[in-house]
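Enquirer: Protein chains in written order, with our numbering: chain A, 1 to 88; chain B, 89 to 229.
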């Protein structure tokens, strides 16, 4: 296997793991929203990397739908976040 | 999606230069892998920033980097690995939609963080929203 592919896989795995840690330990709900947004972006990047490595184009519609709809999660949570969700 | 699959398979195969020198296909594949690696490193940078930074706006600053630049690199890599114009035409709206919607979520989350008070106010140089927070507009005095 190409060593470049191995490095790519390891870097993606570490990045997703760090974002998951922030989702778990995030003190407020906004931290978790930001971290889950990063995790969604990393999922998009991983789908694209899979298409590049394996030379197929089956995931392109999934990428388009995630790019179009993925915003609404963080927008709705930020819109309806409770005012008293204050760590101080 | 068999349309795109067929077009993706139809990469130019040059039988003349095969085995003589690294042909254009291998070079393009390697360049695409390097672009994917740079995008992956951007994702890793964003995750490290999420863990290291202090409050919500600074974490937001780290988080919005791979949403635009990393996805741009990945999209260029996809178009470069497939070497087909329909794939490039399909990848362009993905990046444009992401470019249009990433500031939306960042703006909403940042405003909610400011109103929650989850940011370190001692670290602010300029706080242009202070007056509007103290007396909300149209509050009737």
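By construction, the Cβ of each residue, glycine as well, lies at the ideal position given by its N, Cα and C atoms. In this text, all values refer to a predicted model and were calculated from it rather than measured experimentally.
Spatial neighbours of residue 165 (chain B) within its chain, please: CB distance less than 6 angstroms, with the 5 preceding and 5 following residues excluded, ordered by chain position.
Expert: 120, 123 and 124
Enquirer: Whose C-beta lies closer than 8 angstroms to the C-beta of residue 149 (chain B) among residues of the same chain, with five residues either side of it excluded?
Expert: 137 and 141
Enquirer: Give the interface partners of residue 113 (chain B) over in chain A, defined as CB-CB distance under 8 angstroms, in chain order.
Expert: Residues of chain A passing the Cβ test: none, with the nearest at roughly 11 angstroms.
Enquirer: Alpha carbons only, please: which of A:2, A:22 and A:10 is nearest the one belonging to residue 38 (chain A)?
Expert: A:22
Enquirer: Provide the residue span of the alpha helix (DSSP H) that contains residue 196 (chain B), from first to last.
Expert: DSSP places residue 196 (chain B) inside the alpha helix (DSSP H), whose first and last residues are 173 to 204.
Enquirer: For a contact defined as C-beta to C-beta under 7 angstroms, what are the partners of residue 116 (chain B) on chain A?
Expert: Going along chain A, no residue has its Cβ under 7 angstroms from residue 116 (chain B), so there is no contact; the nearest lies around 11 angstroms.
Enquirer: Are the beta-carbon atoms of residue 197 (chain B) and residue 33 (chain A) separated by less than 8 angstroms?
Expert: yes
Enquirer: Of the residues B:159, B:132, B:145 and B:117, which one's Cα is nearest the Cα of residue 208 (chain B)?
Expert: B:145
Enquirer: Residues of the region 205 to 221 of chain B in Cβ contact with chain A at a cutoff of 9 angstroms, in chain order, please.
Expert: Along the region 205 to 221 of chain B, going in chain order, the ones with a CB nearer than 9 angstroms to a CB of chain A are 205 and 206.
Enquirer: Let me make sure I understand the geometry here. Which of B:113, B:134, B:154 and B:143 has the alpha-carbon closest to that of residue 45 (chain A)?
Expert: For the residues B:113, B:134, B:154 and B:143, the minimum Cα distance to residue 45 (chain A) belongs to B:154.
Enquirer: Are the C-beta atoms of residue 124 (chain B) and some chain A residue less than 8 angstroms apart?
Expert: yes
Enquirer: Please report whether the beta-carbon of residue 134 (chain B) lies at a distance below 8 angstroms from any beta-carbon of chain D.
Expert: Reference to chain D is not applicable here, since the protein chains of this structure are A and B.
Enquirer: Which same chain residues, not among the five before or five after residue 102 (chain B), have their C-beta less than 7 angstroms away from its C-beta?
Expert: Legend: pLDDT at residue 102 (chain B) = 43, less than 50; position of this residue unreliable, no value from coordinates given.
Enquirer: Can you tell me where the alpha helix (DSSP H) holding residue 69 (chain A) begins and where it ends?
Expert: Where residue 69 (chain A) is concerned, the enclosing alpha helix (DSSP H) stretches over 60 to 69.
Enquirer: My parser needs the alpha helix (DSSP H) runs of 4 or more residues fully inside the region 99 to 161 of chain B; what are they?
Expert: 112 to 140 and 144 to 151
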